[in-house]
Every structure is written in structure tokens, then in C-alpha cells.
């Protein structure tokens, strides 16, 4: 590269400005007019380490339910708890582990899942297993 500077060098230079790629034609030649690209402030984390956008509790629980179903191979029957935790979420999900006849004999489990504010699962474990007819002793 002419001048010996690569893209990483330019990113660290305080005077470097990002330019819109539409300012170049298909061959990569610079057009006559260069337009600076709109930038948002990087904040304390920098451009590469921005925090993902926080999701609503409903969206997070849907993502967690999908992940629990995939991990357990069982269809979740409902959410039993939801709380904020250090910028993320803790969700407890009830799952029917074993269906029996009559249904009062079903074996249920409660799984606790921790998710980021963006809905990505960070931890998952079964915390309780019980028979439906016995309730939460």
C-alpha cells in the first residue's frame, strides 16, 4: 500500500475519517466527490466493542424458550420467573420432562437460564424436577 499505512493504522489515527463506500466506483477509483459517512460516538467501549441493543422482556423470553427447547429436546410449557440481573436476564422455564396418564403423574422440571440484554444464552441448568401432582414442595 502506498505510504505504508494500512486500514488498522488509519483507524487508530485521530484525524482519520470514515468515508462512504459509494464515493468509489466499481473499479475502486475515487470519485470526484467524497462524502464523509455519518458516525455515532464510540463511547467508552470503542467501535469494535459496542454493546448490543437491549431487547424487551418478551423478546428475551421468546429467545430463551427457543434455546431451552433446542437444548432439552422438550417443548417448554411456560415461564415461571423473569428478573433483571446485572444488565441481563434470568428466566426460569417449566418443561414437561415425561408425560404420563393421567397427566397429574407428569414429571416436570424447572430450568434456569441466564441471558444477555440482547437475548443470547450465557448459562443454563435444571434446578428442580418434580411430579405435577405433588406441586412445589
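Residue numbers (this note's numbering): 9 to 145.
Even for Gly, the Cβ is constructed at its ideal location relative to N, Cα and C.
These figures come from a predicted structure and were not determined experimentally.
When DSSP states are grouped into helix, strand and coil, residue 62 belongs to the coil group. Using a Cβ distance threshold of 8 Å, residue 87 and residue 100 count as a contacting pair. Taking the Cβ atoms as the reference, residue 124 lies roughly 5 Å from residue 96, within the contact range of under 8 Å. If you ignore the 5 residues before and after residue 91, its C-beta comes within less than 6 Å of the C-beta of 98, all in its own chain and listed in chain order. For the pair residue 103 and residue 84, the CB atoms are nearer than the 8 Å cut-off.
Closest in C-alpha terms to residue 138, from the list 112, 132, 126 and 64, comes 112. Excluding residues up to 5 positions away in sequence, 127 lie with their Cβ nearer than 6 Å to the Cβ of residue 71 in the same chain. The C-beta of residue 64 has fewer than 16 other C-beta atoms within 10 Å across all chains shown, which makes the residue exposed. At a Cβ-Cβ threshold of 8 Å, residue 75 and residue 121 count as neighbours.
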